[in-house]
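Chemist: For what it's worth, my numbering labels the leading residue of the sequence shown as 1, then goes sequentially.
For each residue, glycine too, the CB sits at the ideal point set by N, CA and C.
Here it is: the structure, laid out below.
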Amino acid sequence: MGTDPPLSGSPATLDPALALLGQAARELGLRAWVVGGYVRDHLLGRVPGELDVVVEGDALRLAERFAQLTGARRPVLFPRFGTAQVTWQGRLVEFATARAESYSPDSRKPKVRPATLEEDLLRRDFTVNAILMDFEGQVYDPLGGVADLERRLLRTPRDPLVTFKDDPLRMLRAIRLAVQLGFELDPALLPAMQRLRERARPPVLSVERVNEELRKAMVSEDPRRALELLDAGGLMEMLMPEVSACHGVEQGGWHTHDVFGHTLETVQNTEPDLVLRLAALFHDVGKPPTATPDGAFHGHDEIGAGMAREALTRLRFSNAEVEEAARLVRLHLRPVFYSSEWGDGAVRKLARDAGPLLPKLLALARADIAASAYPHGDKLDELEERLRSVLSEAPSRMHIPVTGRDIMAVRGIEAGPEVGRLKARLEELVLEGTLPPEREALLAYLRDQEES
């Protein structure tokens, strides 16, 4: 293998698995190296994750011997692809025979053949993931990945049109790695994404893999940049057309951006909580379909909640994540519209409707307000104080001490919609402060109402 002279690694900080990998390779007479994210993160001073080992020869034999030396369970073997996996001390070590791959236009499942190490490195996603390290910590860099690490640049080993066409998931990986590592994209990458954006659709690219990259990007330190890159690469339009449609939708009042720009600002103002950021991303998607000539967006919260639910389901987020994000979208205007003139009943109803999502709802409202020039953001401090007050009431007005069976017994009725209606009425009266949250008082009210 023709390489640059080896660079110095930091053997003292290497994974203890490397010595055993080296022993196994020597015993079998195989040449092998660590490659990929482990080497990249090691050189960046980050905590490395899983180990990827590329082997000139039979990777399955090396995996078998490594498992024997470590006392791990037998490897999971994939002979068709020349790969194997060993789990040792709770970590995954992946072995792969140096290989080349070819793809059909409508698939990202490759046809695999053995290849030279140079060919194997060229098929990888980015040069910073094509740096080799031997088991003593010496680094070999035939494609200039170390220089790209120093420049903090993501560059593909081949023409990005070839790299992304082979595996369109790499377009999303480029964006995710850029925001996770704080790297820039090589200037050729975004134009290649734009040309190949249609390959981001199923069945070429599985929704599950898209979901994995999106959730990592959304909880990164710079989610706004991730969304800007998705948009610039044409992938936002492919994957989240509801958000892309917010471009150019102007809004007045205290707003300083169009709906798309405001959305990105709102997301950036949130903490790295996935559900909260998904809610921020979709909180105004109801505005384009509800926009009126006079600049109003009546019902955009309700419409947007349905659109968020549909989009997040399509993107295969979990049922809980979908429902929580949609609920936050539906409620997002309530804290924003808070006024000191609210009665305690209105404050209690907000707490009831938000339930355990109340902290995230308030965080979304703060982010929403901060993404505009609204001058009264401090009113949310007052709202939070009032919420604390009503939630600490004893006895609590948030749950009435009367059951459906109690209502049936007092009214002499069978189970049915009337029971639910009466219970909901009692809850409203208690929340409003009209009735005390006391069992006997509520039962007496039921009896009195029946007589009247």
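Mapping the DSSP letters down to three states, classify Y445 as helix, strand or coil.
Modeler: Note: Y445 maps to helix in three-state DSSP.
Chemist: Restricting to Cα atoms, I'd like to know which of E64, L44, P48 and L51 is closest to A24.
Modeler: Among E64, L44, P48 and L51, the Cα nearest to that of A24 belongs to E64.
Chemist: Tell me the residue span of the beta strand (DSSP E) that contains Q251.
Modeler: First-last for Q251: undefined, no H or E at that position.
Chemist: On the three-pair Cβ rule with 8 Å, is the stretch 377-389 touching the stretch 268-281?
Modeler: Flag = no, the stretch 377-389 and the stretch 268-281 do not touch.
Chemist: With DSSP as the reference, please indicate the residues paired to Y374 in a beta bridge.
Modeler: Looking at the DSSP assignment, Y374 forms no beta bridge with any residue, so it has no partner.
Chemist: Tell me which residue opens and which closes the beta strand (DSSP E) that R31 is part of.
Modeler: Counting along the chain, the beta strand (DSSP E) containing R31 begins and ends at R31 to V35.
Chemist: Quick one: is W33 buried, meaning 16 or more other Cβ sit within 10 Å of its Cβ, or exposed?
Modeler: Buried is the call here.
Chemist: Ends of the beta strand (DSSP E) at A84?
Modeler: Element bounds for A84: T83 to W88.
Chemist: Using 10 angstroms around the beta-carbon of L92, count the other beta-carbons present and answer buried if the total reaches 16, otherwise exposed.
Modeler: Burial call: exposed.
Chemist: Looking at the secondary structure, which residues open and close the beta strand (DSSP E) in which V93 lies?
Modeler: R91 to T97 is the extent of the beta strand (DSSP E) around V93.
Chemist: Would you tell me roughly how many angstroms separate the C-alpha atoms of L442 and E341, rounded to the nearest one?
Modeler: Rounded to whole angstroms, L442 to E341 spans 28 Å at the Cα level.
Chemist: Compare the C-beta of Y38 with all C-beta atoms of chain D and state if any pair is closer than 8 Å.
Modeler: Looking at the structure shown, chain D is missing, and only one protein chain is on hand.
Chemist: Would you call the stretch 350-364 and the stretch 310-321 touching, i.e. three or more CB-CB distances under 8 Å?
Modeler: No, the stretch 350-364 does not touch the stretch 310-321.
Chemist: Under 8 Å by Cβ, that's how I've got V55 and A115 pegged, so tell me the actual separation to the nearest angstrom.
Modeler: The pair is not a contact, with the Cβ atoms about 12 Å apart (cut-off 8 Å).
Chemist: Just checking, does the stretch 26-41 make contact with the stretch 123-139 on the three C-beta pairs under 8 Å criterion?
Modeler: Verdict: yes, contact present.
Chemist: Can you give, in chain order, each stretch of the alpha helix (DSSP H) that sits fully within the stretch 49-78 and has at least 4 residues?
Modeler: 59-70, all fully within the stretch 49-78.
Chemist: Can you list, in chain order, the stretches of the beta strand (DSSP E) that have 3 or more residues and sit fully within the stretch 346-419?
Modeler: You should have found no qualifying run.
Chemist: Use the C-beta contact count for P187: other C-beta atoms within 10 angstroms, 16 or more gives buried, fewer gives exposed.
Modeler: Exposed, by the Cβ-count rule.
Chemist: Looking only at C-alpha atoms, which of K165, P288 and A72 sits nearest to T87?
Modeler: If we check each option's Cα against that of T87, A72 comes out closest.
Chemist: Per the DSSP calculation, A100 is bridged to which residue(s)?
Modeler: The partner list for A100 (beta bridge, DSSP) reads R113.
Chemist: Should H376 be labelled buried (16 or more other beta-carbon atoms within 10 Å of its own) or exposed?
Modeler: Exposed, by the Cβ-count rule.
Chemist: Could you check the C-alpha separation between L196 and H262 for me, to the nearest Å?
Modeler: Answer to the nearest angstrom: the Cα atoms are 28 Å apart.
Chemist: Report yes if the C-beta distance between V76 and A84 is below 8 Å; otherwise report no.
Modeler: Yes, they are a contact pair.
Chemist: Is E237 helix, strand or coil when you go by DSSP?
Modeler: Correct three-state label for E237: helix.
Chemist: Under 7 Å Cβ to Cβ from L143, same chain only, skipping five residues before and after it: list those, please.
Modeler: The residues are L121, T127, A130 and P157.
Chemist: Rounded to whole angstroms, what's the CA-CA distance from G412 to P401? Just pull it up for me.
Modeler: Taking the straight line joining both Cα atoms gives about 19 Å.
Chemist: In angstroms with no decimal places, state the Cα-to-Cα distance between V139 and L154.
Modeler: Their backbone Cα atoms lie some 19 Å apart in a straight line.
Chemist: Please work out which residues of its chain come closer than 6 Å, Cβ to Cβ, to M1, disregarding the five sequence neighbours upstream and downstream, and give them in chain order.
Modeler: Any reading at M1 must be qualified, since the residue scores a pLDDT of 44, below 50, and its modelled position is unreliable; no value is offered.
Chemist: So, is D4 buried or exposed, given that buried needs 16 or more other C-beta atoms within 10 angstroms?
Modeler: Any reading at D4 needs caution, since the residue's pLDDT is 42, under 50, leaving its predicted position unreliable; the model's value is listed next. Exposed, because fewer than 16 other Cβ atoms sit within 10 Å of the Cβ of D4.
Chemist: Note the first and the last residue of the continuous alpha helix (DSSP H) segment covering D166.
Modeler: Its alpha helix (DSSP H) spans residues P160 to D166.
Chemist: Count the other CB atoms, across all protein chains shown, that sit within 10 Å of the CB of Q449; report buried if there are 16 or more and exposed otherwise.
Modeler: Its Cβ having fewer than 16 others within 10 Å, Q449 is exposed.
Chemist: Look up F260 in the DSSP assignment and say whether it is helix, strand or coil.
Modeler: In the structure shown, F260 sits in a helix (DSSP, three-state: H, G or I).
Chemist: Start and end of the alpha helix (DSSP H) containing E310?
Modeler: That run of the alpha helix (DSSP H) goes H300 to R314.
Chemist: Straight-line CA distance for A12 to A200?
Modeler: Here the model assigns A12 a pLDDT of 44, short of 50, so the residue's position is not dependable, and the following value carries that caveat. Rounded to the nearest angstrom, the two C-alpha atoms are 42 Å apart.
Chemist: On the criterion of 16 or more Cβ atoms from any shown chain inside 10 Å, does H399 qualify as buried, or is it exposed?
Modeler: Looking at its Cβ environment, which holds fewer than 16 other Cβ atoms inside 10 Å, H399 is exposed.
Chemist: Leaving aside the five residues before and after A367 along the sequence, list all residues of the same chain whose C-beta is less than 7 Å from its C-beta, in chain order.
Modeler: Result list for A367: T266, N269, T270 and A280, in chain order.
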